[in-house]
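For reference, the structure discussed in these notes is given below.
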Amino acid sequence: MRKIISEIINETGAESLKDMGAVMGKLKQQADGKIDMKLASDIVRESLF
Numbered sequence: 297m298r299k300i301i302s303e304i305i306n307e308t309g310a311e312s313l314k315d316m317g318a319v320m321g322k323l324k325q326q327a328d329g330k331i332d333m334k335l336a337s338d339i340v341r342e343s344l345f
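Here the sequence shown stands for residues 297 to 345, numbered as in the numbering used here.
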């Protein structure tokens, strides 16, 4: 999951927590309900902080 999140962060150009919504939106589209979004949110937050 970290690899996918890292790729999305690079694709979206996210640089800070204010960009978290864009990352989560794209992740939600790609994951199609197959991942724990709470865990994903924590990883995105950690990656952008």
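C-beta atoms are modelled at their ideal positions from N, C-alpha and C, and glycine is treated no differently.
Environment of residue i [buried if 16+ CB atoms lie within 10 Å]
i, result
"Leu323", "buried"
"Met333", "exposed"
"Met320", "buried"
Beta-carbon proximity check, residue i vs residue j, cutoff 8 Å
i, j, result
"Ser312", "Ser343", "no"
Cβ distance (whole Å) where residue i is taken to contact residue j below 8 Å
i, j, result
"Gln326", "Ile300", "7 Å"
"Ile331", "Arg298", "Going by Cβ atoms, the distance from Ile331 to Arg298 rounds to 11 Å, so no, they are not a contact pair."
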